[in-house]
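Asker: In my numbering, the protein residues as written are -13 to 180.
One structure, as structure tokens, below. Some questions next.
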Ligand SMILES: [Zn+2]
């Protein structure tokens, strides 16, 4: 099956100025970790008015209509439990995260891109099991060759990670922007696994 790598919203691309809300499931765990479940403040307000979520925490920031003022939620929780997906989305960010943002051939963290372990010209597909993080230098060196022909093997064979796998790596690479009100709901299990 061909699956394109979507750009995917990475938590690192969030900016505090957009007042995003962290969305929790009805069990108060994030609805999704990778990517982190985040709604724009507009979507969040809509969900509050449709009575689909409870407001858990608020920003200091308020928006005004002619007749009322609403403080923007920073954390909301769904009123109805949604079964979480077991597998993280196949995104650029998540492939990098699985591979700890390092080239799987030489280990550098610079100029990262993706390599098809089995080249596309040999029928290799764009899947978790065939895409590895590679620097542009190694990518160029391997070119369209099979791993054996190029004598280049990744440090870690590509695999479909579980949410837990990405969790472990995610702690090493915290997103650029996490509002402090979110922290109670992220990585709450860190000490249990330490
Ligand atoms: Zn490299």
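Virtual Cβ for every residue (Gly too), placed ideally from N, Cα, C.
What runs of the beta strand (DSSP E), each 3 residues or longer, lie entirely inside the region -4 to 70?
Answerer: Counting whole runs of 3 or more residues, the region -4 to 70 contains the beta strand (DSSP E) stretches 7 to 10, 39 to 50, 55 to 64.
Asker: Given that a residue counts as buried once 16 or more other Cβ atoms are within 10 Å of its Cβ, and exposed if not, what is residue 130?
Answerer: Here the question's residue 130 lines up with position 144 in the chain shown. Looking at its Cβ environment, which holds fewer than 16 other Cβ atoms inside 10 Å, residue 130 is exposed.
Asker: Within 10 angstroms of its Cβ, does residue 143 collect 16 or more other Cβ (buried), or is it exposed?
Answerer: By one-based count along the chain shown, residue 143 stands at place 157. When all chains shown are included, residue 143 counts as exposed.
Asker: Starting from the C-beta of residue 17, find all residues in its chain whose C-beta is less than 6 Å away, skip the five residues before and the five after it, and write them out in chain order.
Answerer: Counting from one through the chain shown, the residue named residue 17 turns up at place 31. Counting only Cβ-Cβ distances below 6 Å, and skipping sequence neighbours, we find 9, 11, 23.
Asker: Do residue 118 and residue 140 count as a contact pair if the criterion is CB distance below 8 Å?
Answerer: For the purposes of this step, residue 140 is taken as the residue at position 154 of the chain shown. For the purposes of this step, residue 118 is taken as the residue at position 132 of the chain shown. Closer than 8 Å, so yes.
Asker: Which of the three DSSP states, helix, strand or coil, is assigned to residue -11?
Answerer: If you number the chain shown from 1, residue -11 lands on position 3. Residue placement at residue -11 is flagged as unreliable, the pLDDT there being 37, under the threshold of 50; the coordinate-derived value follows with that caveat. Of the three classes helix, strand and coil, the one that applies to residue -11 here is coil, per DSSP.
Asker: For residue 120, is the beta carbon positioned less than 7 Å from some heavy atom of ligand 1?
Answerer: For this step, residue 120 is matched to residue 134 along the chain shown. Yes, the beta carbon of residue 120 sits closer than 7 Å to at least one heavy atom of ligand 1.
Asker: Is it the case that the CB of residue 19 approaches a heavy atom of ligand 1 more closely than 7 Å?
Answerer: Stepping through the chain shown from its first residue, residue 19 is reached at position 33. No, the beta carbon of residue 19 sits no closer than 7 Å to any heavy atom of ligand 1.
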